[in-house]
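Novice: I have a structure here, written as structure tokens, and I will follow up with some questions on it.
In the UniProt record's numbering, the protein residues as written are 1 to 574.
Written out as structure tokens, the structure reads:
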């Protein structure tokens with residue numbers, strides 16, 4: 001090992017920093033290419049990261065923002081455990097209340113990294129598995145009323161040693177999944193990923209020397225902290241408030257505080273900026289829910305970190321250096337800090353709303369930086385059933401509209417906030433599952449009208465080709481609408497419809513659904529929400545209105561009624 005100075009020059013710091021990020025990215029590439037399930041190999045519902053010996057996040061690949069804080073909990077759990085850590089060990093868990101990601105389908109894996117017998121860091125990943133047991137195929141329905149209904153719960157266990165894979169935990173997972181062969185393949189892909197991270201991190205230490213790498217890492221973390229501090233000093237000191245509502249319960253289910261309010265659970269935040277510090281207090285947020293939309297602490301932290309980074313300084317390096325400057329307080333027993341064993345599988349619906357309220361609060365301080373609300377939910381659908389190759393589970397997150405910005409329209413058909421997965425290509429879907437996509441299109445008028453129009457949601461019609469299928473889903477913004485800013489109109493809500501335009505057409509109630517039986521040739525329509533507009537519609541450039549009309553983004557009725565096109569006084573004219 002080279003014996004270099006403990007205070008590396010700036011170029012060496014940047015070289016080491018770039019190397020760490022590159023390693024994390026390559027870990028992600030290995031995970032995706034080696035996995036079996038479409039949810040990982042096609043949709044990239046996974047993340048990879050490196051940590052230092054103290055458990056600080058030093059590099060994360062650009063994948064899922066919700067995982068930004070999630071894997072940190074895994075390292076904390078390992079450091080707090082009584083497990084002996086030896087070279088060659090690999091650990092696994094999925095318990096959201098004990099450092100294992102944020103819901104049960106997310107299996108987290110970590111491998112301690114040793115150089116010449118000394119612990120120098122950790123190689124870790126997290127991947128959403130398409131079935132981990134539980135009451136419904138896919139393990140991801142939003143209407144479960146307990147964590148125990150949501151799937152297999154894995155404590156922090158040793159998955160592998162220097163002698164090879166421990167067969168017992170692998171067998172437990174396979175036995176409890178409807179897709180054991182796929183689970184084995186995806187877990188081995190995770191193992192290959194952390195081993196790549198270990199090997200390449202060792203190479204960086206041997207090339208530069210462990211003291212130099214440690215000093216460079218400390219500098220990179222400090223740099224991130226200083227960038228956040230500089231960004232916060234540009235925000236006027238003060239406390240900024242905002243709140244929003246989750247959709248009301250469809251079944252009148254009761255939460256721990258009594259009957260759930262007809263208006264839905266409130267998410268409230270007070271963001272206090274003082275110099276180079278920021279504190280977020282979620283007092284006033286409603287009680288934990290009886291269904292799986294509760295958010296454990298790591299998911300709350302990841303969402304807050306994302307929202308602050310996105311608004312204050314998107315260029316902050318992807319590490320945990322700025323985490324310590326952020327204070328987060330949430331009432332115990334609330335939907336953003338639930339008591340075990342509250343169900344959490346659809347926690348992303350609430351995380352999206354948490355991001356919305358943080359951004360909404362900051363809009364008062366930084367009005368030129370905050371967009372209107374995007375579709376602000378995770379329209380997560382699962383089709384499952386038997387086909388000629390055995391049982392199948394098709395999971396998908398359908399994109400929606402991105403919020404209009406201060407100078408631009410919102411983006412159509414994108415994932416917003418804490419999700420960053422891709423869509424599943426129709427070719428892959430139809431090749432792997434007994435399903436056919438009849439329609440895949442943007443929804444006209446779904447984006448809120450404004451000087452800058454909100455992004456459009458998506459309509460996707462999926463036809464069942466086999467003997468039948470079961471449909472489950474979780475989504476919000478089925479009742480509440482993504483809000484506009486500065487006079488911009490709200491976006492449209494989403495919905496699920498069985499056999500649209502045919503005899504027996506029916507809209508499914510709300511967005512927390514499980515066990516809907518579909519027969520051969522039935523069609524399930526998914527419509528994701530649009531997004532809010534920015535600024536008064538009357539101020540929109542008439543030529544942009546005409547272009548939207550020509551491109552089918554708005555209807556003639558919207559062009560006339562909302563934008564005044566064709567009136568004596570068109571938008572933007574006196």
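Just so you know, even glycine gets a beta-carbon here, dropped at the ideal spot from N, CA and C.
1) Under the rule that 16 or more other beta-carbon atoms within 10 Å means buried, what is residue 323, buried or exposed?
2) When the Cα of residue 424 is compared with those of 372, 473, 440, which residue comes out closest?
3) Can you tell which of 39, 22, 551, 226 has its C-alpha closest to the C-alpha of residue 433?
4) According to DSSP, is residue 305 helix, strand or coil?
5) Check the C-beta distance from residue 179 over to residue 393 and give it rounded, since I have them as a contact under 8 Å.
6) Is the beta carbon of residue 129 closer than 8 Å to that of residue 156?
7) State the DSSP-derived secondary structure class of residue 256, mapped to helix, strand or coil.
8) Tell me which same chain residues have a C-beta within less than 8 Å of the C-beta of residue 85, skipping the five on either side of it?
9) Taking buried to mean at least 16 other C-beta atoms within 10 Å of its own C-beta, is residue 148 buried or exposed?
10) Spatial neighbours of residue 338 within its chain, please: C-beta separation below 6 Å, excluding the five flanking residues on both sides.
11) So who's on the other strand from residue 474, going by DSSP bridges?
12) Counting only runs of 3+ residues fully inside the region 269-331, write out the beta strand (DSSP E) ranges in chain order.
13) Considering only the alpha carbon of each residue, which of 373, 504, 49, 331 lies closest to residue 447?
14) What are the uninterrupted segments assigned as beta strand (DSSP E) that are 3 or more residues long and contained completely in the region 67-146, given in chain order?
15) Which term fits residue 109, buried or exposed, when burial requires 16 or more other beta carbons within 10 angstroms of its beta carbon?
16) Give every residue of the same chain whose Cβ lies closer than 6 Å to the Cβ of residue 264, excluding the five residues on either side of it in the sequence, and list them in chain order.
17) Should residue 403 and residue 482 be called a contact, given that it needs their Cβ atoms to be closer than 8 Å?
18) What are the boundary residues of the alpha helix (DSSP H) that residue 213 is part of?
19) In terms of DSSP beta bridges, what is residue 493 paired with?
20) Classify residue 337 as helix, strand or coil using the three-state DSSP reduction.
21) Taking residue 390 as part of the beta strand (DSSP E), name the residues at either end of that continuous run.
22) Enumerate in chain order the residues of its own chain whose CB-to-CB distance from residue 198 is below 7 Å, with the five nearest sequence positions on each side excluded.
23) What is the DSSP secondary structure of residue 443, counted as helix, strand or coil?
24) Taking the Cβ atom as the reference point for each residue, do residue 354 and residue 303 lie within a distance shorter than 8 Å?
25) From which residue to which residue does the alpha helix (DSSP H) around residue 245 run?
26) Is DSSP giving residue 527 helix, strand or coil here?
27) Could you pull out every residue in the same chain whose Cβ sits closer than 6 Å to the Cβ of residue 537, ignoring the five residues on either side in sequence?
Specialist: Inspection of the coordinates gives the following:
1) Buried: at least 16 other Cβ atoms inside 10 Å.
2) With distances taken between Cα atoms, residue 424 lies closest to 440.
3) That would be 39, whose Cα lies nearest to the Cα of residue 433.
4) Three-state DSSP puts residue 305 in a helix.
5) Confirmed, about 6 Å.
6) Not closer than 8 Å, so no.
7) Confidence in residue 256 is poor, its pLDDT being 36 and thus under 50, which makes the residue's placement too unreliable to answer from.
8) Around residue 85: 78, 112, 119.
9) Counting the other CB atoms within 10 Å of its CB gives residue 148 a total below 16, which places it among the exposed residues.
10) Around residue 338: 288, 294.
11) In DSSP, residue 474 forms a bridge with 380, 512.
12) Listed in chain order, the complete beta strand (DSSP E) runs (minimum 3 residues) inside the region 269-331 are 277-281, 326-329.
13) Just measuring C-alpha positions, the residue of 373, 504, 49, 331 sitting nearest residue 447 is 373.
14) 90-93, 106-115, 118-128, all fully within the region 67-146.
15) Buried is the call here.
16) Here the set comprises 245, 246, 247, 248.
17) For the pair residue 403 and residue 482, the CB atoms are nearer than the 8 Å cut-off.
18) Looking at the DSSP string, the run of the alpha helix (DSSP H) that includes residue 213 is 210-233.
19) In DSSP, residue 493 forms no bridge with anything.
20) In this structure, residue 337 counts as strand in the three-state DSSP scheme.
21) Note, residue 390: beta strand (DSSP E), 390-398.
22) For residue 198, where only same-chain residues beyond five positions count, the Cβ hits under 7 Å are 111, 113, 123.
23) In the three-state reduction of the DSSP assignment, residue 443 falls in the coil class.
24) Cβ distance < 8 Å, so residue 354 and residue 303 count as in contact.
25) Run containing residue 245: none in the alpha helix (DSSP H); it sits in the beta strand (DSSP E), 238-245.
26) Strand at residue 527.
27) Beyond the five residues adjoining it in sequence on each side, residue 537 comes within less than 6 Å, by CB distance, of 449, 450, 562, 563 in the same chain, given in chain order.
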